[in-house]
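All remarks here apply to the structure that follows.
Number of protein chains: 2
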Amino acid sequence: MKPVYQMENSGISFFFNPESVAVVGATEEPGKISNIILRSLLRAGFKGKVYPVNPRYSSVLGMECLPSIEAIPEKADIAVFAIPAPAVPNALKNAEGKIRGAIIVGGGFAETGEAGNALEKEVREIAARAGIRIIGPNCMGIFDTASKLDTFFIPEDRIQRPGKGGLSIISQSGSFAVTAMDELAADGIGVARVVSYGNKTDVDEADCLDFLADDSETKAVAAYIESVDDGRRFIEAASRCSANKPVMAVKVGKAGAGITAARSHTGAIAGRYEIYRAAFKKAGVIELDGYEEFLAACKAFGMQGRAKGNRVMIITDGGGVGVGLSDACHALGLDVAPLPEELSAKLKSELPPYFAIGNPLDLTGSATDESFALSLQKTMSGDHYDIAIIAALWGPPALTDNLPAMLAQKPGFTEKPILICTPGGEYSRQRFKLFREVGLPVFGTPEAAVRAASVLARGARRG
Amino acid sequence: MKPVYQMENSGISFFFNPESVAVVGATEEPGKISNIILRSLLRAGFKGKVYPVNPRYSSVLGMECLPSIEAIPEKADIAVFAIPAPAVPNALKNAEGKIRGAIIVGGGFAETGEAGNALEKEVREIAARAGIRIIGPNCMGIFDTASKLDTFFIPEDRIQRPGKGGLSIISQSGSFAVTAMDELAADGIGVARVVSYGNKTDVDEADCLDFLADDSETKAVAAYIESVDDGRRFIEAASRCSANKPVMAVKVGKAGAGITAARSHTGAIAGRYEIYRAAFKKAGVIELDGYEEFLAACKAFGMQGRAKGNRVMIITDGGGVGVGLSDACHALGLDVAPLPEELSAKLKSELPPYFAIGNPLDLTGSATDESFALSLQKTMSGDHYDIAIIAALWGPPALTDNLPAMLAQKPGFTEKPILICTPGGEYSRQRFKLFREVGLPVFGTPEAAVRAASVLARGARRG
Chain A
1 MKPVYQMENS GISFFFNPES VAVVGATEEP GKISNIILRS LLRAGFKGKV
51 YPVNPRYSSV LGMECLPSIE AIPEKADIAV FAIPAPAVPN ALKNAEGKIR
101 GAIIVGGGFA ETGEAGNALE KEVREIAARA GIRIIGPNCM GIFDTASKLD
151 TFFIPEDRIQ RPGKGGLSII SQSGSFAVTA MDELAADGIG VARVVSYGNK
201 TDVDEADCLD FLADDSETKA VAAYIESVDD GRRFIEAASR CSANKPVMAV
251 KVGKAGAGIT AARSHTGAIA GRYEIYRAAF KKAGVIELDG YEEFLAACKA
301 FGMQGRAKGN RVMIITDGGG VGVGLSDACH ALGLDVAPLP EELSAKLKSE
351 LPPYFAIGNP LDLTGSATDE SFALSLQKTM SGDHYDIAII AALWGPPALT
401 DNLPAMLAQK PGFTEKPILI CTPGGEYSRQ RFKLFREVGL PVFGTPEAAV
451 RAASVLARGA RRG
Chain B
1 MKPVYQMENS GISFFFNPES VAVVGATEEP GKISNIILRS LLRAGFKGKV
51 YPVNPRYSSV LGMECLPSIE AIPEKADIAV FAIPAPAVPN ALKNAEGKIR
101 GAIIVGGGFA ETGEAGNALE KEVREIAARA GIRIIGPNCM GIFDTASKLD
151 TFFIPEDRIQ RPGKGGLSII SQSGSFAVTA MDELAADGIG VARVVSYGNK
201 TDVDEADCLD FLADDSETKA VAAYIESVDD GRRFIEAASR CSANKPVMAV
251 KVGKAGAGIT AARSHTGAIA GRYEIYRAAF KKAGVIELDG YEEFLAACKA
301 FGMQGRAKGN RVMIITDGGG VGVGLSDACH ALGLDVAPLP EELSAKLKSE
351 LPPYFAIGNP LDLTGSATDE SFALSLQKTM SGDHYDIAII AALWGPPALT
401 DNLPAMLAQK PGFTEKPILI CTPGGEYSRQ RFKLFREVGL PVFGTPEAAV
451 RAASVLARGA RRG
C-alpha cells in the first residue's frame, strides 16, 4: 500500500504549519517528558487538534487518549514520540499512512554507540519506506511562535519561552537551543521558529535552511552546528537562505576535547574547522565564535538590521569604557574612524567645552539625555559612520530614564543600527528593559556590544 | 616653617588608615559633589573625625563647618578637595602643615590640554614643597572597607558599594573603578581597598602596589592601567606585590582609537602595548585582556585561590555547553585532559550507563545533585586536574537548589578551585546567588567561566 503522504513530503514546511499533533506515550504523570510536552502544547495555545496516544489511558489532561496511532481519525501532521528508544521502530511502522512527520525526542540512539547506531538506522529505514519525515532523535523538536507549536520538554518554570519575533534558531544541541531561548526570553528578544534536530537522522540543517529561506515569519537565522554531513547540500541551502536574510552560524567542537565531546553528544564527527569556515564563507553565512557571539548576534539581528559597513561611532559618558570599546573594536577589525574636521567643528560649537570631542566622543560626568541624543544624531547623519555604540554609565546625575526613548531610531533622527553598552550593577541592569522597550539591543560589557557590532558589520559584506 | 608631616610622608599608608578627613568645599546642596562625598563618608561609617570646610556655611549635614583648612584643630590626615580646579593651588598653599594628603577629585587639569597641564604642574609643585601627598586630580579617590572611607562622589542609589573582601582595585579611570565596584557589589564580591587616582600627578600605581604589597587586608590586586610613566618603579613595586599575592592588570588604550581616547581621558600617553606586556611578565603580573577578563579575574580571585596548573575538568548536564567550554578552554590554552583509564573505569562503575564518561563528563538530562557532587569529588581527588568547571543547566528536573552547597569546597571533598557556569534566563540567573553564598564564583557563559579559569591558571606560573 502506498503511504498517503509519500508523494508530497519532499519539504518539511508541514512541521511548521500543522493542523494536528499526536503525542505518542502521553501520560498523566507530572514531570514525565510526554506530560510536559502536552502541557507545553496547550500552554503555547496550539490551535490544531491534539491527540494523546497511550493504550494505558482513556483520557490525559482532560483530552480523549487514543490506544494507538492507528486509532487517529484520518491523519495527524506530526506525531511526537515520547517513548523509550527500543519501542520507536514498531510505533513508527504502525504510523505508516497516518502521519507525515515524526519528532523523536528521546535519546538512546546513535549518540550512545554501536547498538544505538543500529537502532537509529532501523528507524531511518522504516521512516523512509513509510514516507515519514523525522526530526531527531535525541532532540527537543520545535518551538514556533507562528504555529504555536511547542514540543520542548522542559517546563516553563525552568525555561522561559521567548515572545514572537523575526529570529529563527536551528540547533543540533537541544540544551543549547533551550538555553538560548531562555536567555532571549529574559533579554526580551522574540523568535519565529526554533528547531532542535539532535542526531538529525533525516531532517538536518540543510532542510531547515531551505524552509527558512522562504519563510516570511523569519527575518534572520542563527544556527548552532556541531557537524555537517553533506557539505554540498548545506552550502546550497545556506546560500539560498543568506541571499534572502542574514544567516549566522556557530560551529562548535573546534579542536581537541571539543571534538570528542561533540561526538559523545550527538554522534557528530566534528571535522576540521577550516573546512567549515570555508563553507560558511562560500554560502554567505556569518561565522560566529562561540556562545557569547551567538547571543550577541541574536540580540543584534533580533532588534537591528544589517549595517552598511564597519565604521563605528562611539559615544560615551565614561572615558574608561570609551577606551575599552575602542580596544575591542580594534581587536575585531572594526574601524573607529576619527571625526571628520567639519563634524568635529560643528560638535564643538554645539556642545560644552569640557566634552572631549572625538571618536570616542566623551560627554563625561556632565552628560545629559539631550547631549547623548544630539551627539548621536549629528554623528550618524551623513555617510561618516555605519553603526553607533552608546556607552551609558549611570553615574552622571543628569541622566534620566528618558534617555532610551531619546536614542531610538526614527525617521529624521537616525535609522542606522544603534547598540547600547551599559555596564555596571543593579541600577544599570534594571535599565536594560527601558532600552529593549524602544527596540535597542543592550549589552553589559564593552566586548559584548562590540561583538554585536562586528556581527552586524560582517552581515554587510553580502548585504 | 617646616611642614608638620614632611619627614614622615614617604609612604601613602595614612590614606588607608586616617583618623580625620576634611572635605574642602562642603555644601548642603544635594547632588553637589562635596555633598555626596560627605554623605558617602557618613554612610560608610567612617569612625574618625570629619571636618566640613567652607566659609559660606557654619554647619553642613548637622556638623560644624569650618571657614578654612587653617581652622582645623591640630591636623587632618586627609583633605578631599571638591572645589573648582583654579581654586586648588591657593587652597593647597593654605593647607601646608595642616594635612598629610590631599584627594583632588575635580577635573580641569592635564586631561584638558596645555592650560590645565600648567595648573596641574603648579599644584604638584605646591604640594611637594608643602610635603602633601596627592591622589588625583580628576579621580574618585578611595573606597575602603577596612577604614570605612568612601570619597566616591556617585550616590549609592546609582552605584552600589561592595561588601568587605580581600580584593583591592587600583584604577586610573574613575568611571572604570566605579563601574567595576558596582558590578562586584551586584555579583556579591567583596573588596578591601579601591583607589581611583586619575591623572596621578603624585600617587600612582607604583605607590599603590607598594602599599598593597604589605597590606594584610588585601589578598589579591586588580589594576586598570592606561599608562605607566616610570616603568622601573612600576616593575619594582609590582614584583614586590606579586611575590606576596596575585596581581592582575588590564592595560587599555592598546591601539589606534584606544590610544587617542586614553589621552583625552586622563592625559595618558598609552605607549606600545608590547612594552607593557613585557613589563607585566617581568613583574609577575597576570595580564588581563579587557573589561570582561577584568571582571572574571575579580570574581575568580575574589572567591578562589591560585590553581596549581592549567588542567581543567569539565562536568556538565548539557552536551552543548560542554562542547562550548572545551572550545573556549582550547582557545585560551587550558588543558582539558582526558580522564585517566583508572578514573574513567571507577566513574563508569559508580554512575548510570547513560552518562557520557569523559572530559567533559556529561551527566545529561538525568543529572542529579548527587551525581554532580560525586563526579566532582572523584575527578578532583588525586593529581589529575587543577581546576573544575561545573556547567549546570537547570532543565534536568532532578536538580534542586541544594546543588550549590553540595559542590562547595570542604576538607575531604575537594579544596581545589571550582568555577560555576550556569547560562540561561531568569531561573538560572536567580540561582547565581546560591552559588555565591557558598563561595563559588558563577558565570553566565562558557567563555566567562573559562576566562576565570585561565586567570587562576596563569596565577599558577609564579605561585
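These protein sequence lines are chains A and B, in that order.
So the first sequence is numbered by the numbering used here: it starts at 1 and just counts up by one.
So the second sequence is numbered by the numbering used here: it starts at 1 and just counts up by one.
Note that the Cβ used here is the ideal one computed from N, Cα and C, for glycine as well.
From the DSSP output, in three-state form, read off residue i for me.
i	result
Asp-210 (chain B)	helix
Val-285 (chain A)	coil
Thr-364 (chain B)	helix
Tyr-291 (chain B)	helix
Arg-56 (chain A)	coil
Met-380 (chain A)	helix
Asp-229 (chain A)	coil
Asp-187 (chain A)	coil
Lys-410 (chain A)	strand
Gly-101 (chain B)	strand
Ile-418 (chain A)	strand
Gly-116 (chain A)	helix
Gly-11 (chain B)	coil
Tyr-51 (chain A)	strand
Thr-316 (chain A)	strand
Phe-153 (chain A)	coil
So, at 6 Å on beta carbons, what are the nonlocal neighbours of residue i in its own chain, with the 5 sequence-adjacent residues on each side left out?
i	result
Arg-458 (chain B)	Ile-286
Gly-318 (chain B)	Leu-393
Ser-428 (chain B)	Trp-394, Thr-422
Lys-49 (chain B)	Ser-20
Excluding the 5 residues preceding and the 5 following residue i in the sequence, name in chain order all residues of the same chain whose CB lies nearer than 8 Å to its CB.
i	result
Leu-343 (chain B)	Lys-378, Thr-379, Gly-382, His-384
Lys-164 (chain B)	Thr-145, Ala-146, Gly-190, Val-191, Ala-192
Ala-307 (chain B)	Asp-386, Ile-387, Lys-416, Pro-417, Ala-453, Leu-456, Ala-457, Gly-459, Ala-460
Lys-282 (chain B)	Ile-235, Ser-239
Tyr-224 (chain B)	Ile-169, Ile-170, Ser-171, Gln-172, Ser-173, Phe-176, Ala-177, Ala-180, Ala-249, Val-250, Val-252, Phe-294
Gly-53 (chain A)	Here residue 53 (chain A) turns out to be Val, not Gly, going by the sequence shown. So the list reads Ala-22, Val-23, Val-24, Gly-25, Ala-26, Cys-65, Leu-66, Pro-67, Ser-68, Ile-69, Ala-71, Ile-72, Ala-79, once near-sequence residues are dropped.
Under 8 Å by Cβ, that's how I've got residue i and residue j pegged, so tell me the actual separation to the nearest angstrom.
i	j	result
Ile-135 (chain B)	Tyr-197 (chain B)	5 Å
Thr-151 (chain A)	Val-80 (chain A)	5 Å
Leu-288 (chain A)	Ala-279 (chain A)	With 8 Å as the limit, Leu-288 (chain A) and Ala-279 (chain A) do not qualify as a contact, their Cβ atoms being about 14 Å apart.
Arg-436 (chain B)	Val-442 (chain B)	6 Å
Leu-403 (chain B)	Asp-369 (chain B)	5 Å
Output needed for residue i: all residues of its chain with C-beta closer than 7 Å, excluding positions within five of it in sequence on either side, in chain order.
i	result
Phe-14 (chain B)	Asp-77, Arg-100, Gly-101
Thr-218 (chain A)	Gly-166, Ser-168, Ala-192, Arg-193, Leu-212, Lys-245
Gln-160 (chain B)	Asp-182, Ala-185, Ala-186
Gly-463 (chain A)	Caution is warranted here: a pLDDT of 40 is assigned to Gly-463 (chain A), below 50, making its placement in the model unreliable, and the coordinate value is therefore given only provisionally. Result list for Gly-463 (chain A): Arg-306, in chain order.
Ile-33 (chain B)	Ala-82, Val-105, Phe-153
Leu-434 (chain A)	Asp-401, Pro-404
Does residue i pass the burial test, meaning 16 or more other C-beta atoms within 10 Å, or should it be called exposed?
i	result
Gln-172 (chain B)	buried
Gly-395 (chain A)	buried
Ala-448 (chain A)	buried
Asp-202 (chain B)	buried
Gly-45 (chain B)	exposed
Lys-47 (chain A)	exposed
Met-1 (chain A)	Only weak support exists for where Met-1 (chain A) lies, its pLDDT of 38 falling under 50; the value from the coordinates is given anyway. So Met-1 (chain A) counts as exposed.
Gly-11 (chain A)	exposed
Gly-444 (chain B)	buried
Thr-364 (chain A)	buried
Gln-304 (chain A)	buried
Pro-30 (chain B)	exposed
Pro-55 (chain A)	exposed
Asp-229 (chain A)	exposed
Ser-349 (chain A)	exposed
At a cut-off of 7 Å, is residue i close to the ligand NAP when judged by its beta-carbon and the heavy atoms of the ligand?
i	result
Cys-421 (chain B)	The ligand NAP is not part of the structure shown, which contains no ligands of any sort.
### Message
Any contact between the segment 310-329 of chain B and the segment 354-371 of chain B? By contact I mean 3 or more CB pairs, one from each, below 8 Å.
### Response
yes
### Query
Using 8 Å as the Cβ pair cut-off and three pairs as the minimum, do the segment 61-79 of chain A and the segment 174-190 of chain A touch?
no
### Query
Hey, is the segment 337-351 of chain B in contact with the segment 276-293 of chain B, meaning 3+ C-beta pairs nearer than 8 Å?
no
### Message
Across the segment 88-96 of chain A and the segment 26-46 of chain A, are there enough close Cβ pairs to call them in contact, namely three or more that are closer than 8 Å?
### Response
no
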